[in-house]
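Q:
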Amino acid sequence: MQLQDLQSRCTLCPECDTNWRWAGHPGPAGHKIAVYVNKKRFPVRRTVFELHKGRPVKKGYCVVTDCADDKCMNPELLREVTKGAVVKREIKAGLILNAAHKAKLQLARRQRESKLGAEKAMAIYLEDASPSEIAAREGVSRQAVSEIKNQRTYKHIHNNPFQGLMP
Ligand SMILES: [Zn+2]
């Protein structure tokens, strides 16, 4: 991947006046903007930083932007910070969820979970394709697919002691 490939998916950022505002798919809410190349996931901000600097992000560090627009990928305004610094920024910006909001999301997840069956969930888990491909094929949301893949839902299907005995 090259820096130009990512910039070609950006438009003018009114905040810093460069052509670096991400115009590609934003991805699911609450997740970092990412692109998929050969089934590998590349978080855009981090990738822009690494391509621009010509080195990987330091271990344990995250990449944030100093631009007022959160979708801005302008490499000149990207900065490495520790995870603790990110948490502080997010609390300040009101981006971190409080406990009540979290509980609400968990309930919604459980309700979604009851809709598919364990068998279908396992099939989705084992399917080797990008989440959007699987979502389209199985007729479920991309979010549901990644939740199954990351074992955030249907955790129980992985702990079945009889699983190996089944045909
Ligand atoms: Zn900007």
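The numbering used here applies: residue 47 is where the sequence shown begins, and numbers increase by one.
Built from N, CA and C at the ideal position, the CB exists for glycine as well.
Remember, predicted model here, so these are calculated numbers, not experimental data.
(1) CA-CA distance, ILE137 and ARG91?
(2) Among the residues of its own chain, which have a CB less than 8 Å from the CB of VAL115, if the five just before and after it don't count?
(3) Using 8 Å as the cut-off, can you tell me whether the segment 125–132 makes contact with the segment 149–156, which would need three or more C-beta pairs spanning the two stretches below that distance?
(4) I want to know whether the segment 117–125 touches the segment 68–87 - three or more CB-CB distances under 8 Å.
(5) Is the beta carbon of LEU124 less than 8 Å from the beta carbon of VAL94?
(6) For TRP68, is the beta carbon positioned less than 7 Å from some heavy atom of ligand 1?
(7) Could you compute how far the alpha carbon of CYS113 sits from the alpha carbon of GLN50?
(8) Which one of LYS161, ASN205, ASP174 has the shortest CA to CA distance from SER187?
(9) Tell me, to the nearest whole angstrom, how far the beta carbon of GLU179 is from that of ARG155; I am working on the premise that it is less than 8 Å.
(10) Flag LEU123 as yes when its Cβ comes closer than 7 Å to any non-hydrogen atom of ligand 1, and as no otherwise.
A: So, from the data block:
(1) 20 Å
(2) Here residue 115 turns out to be Asp, not Val, going by the sequence shown. Cβ neighbours of ASP115 beyond the five flanking positions: CYS59, PRO60, GLU61, CYS62, ARG67.
(3) no
(4) yes
(5) yes
(6) no
(7) 20 Å
(8) LYS161
(9) Actually they do not touch by this definition, with Cβ atoms about 22 Å apart.
(10) yes
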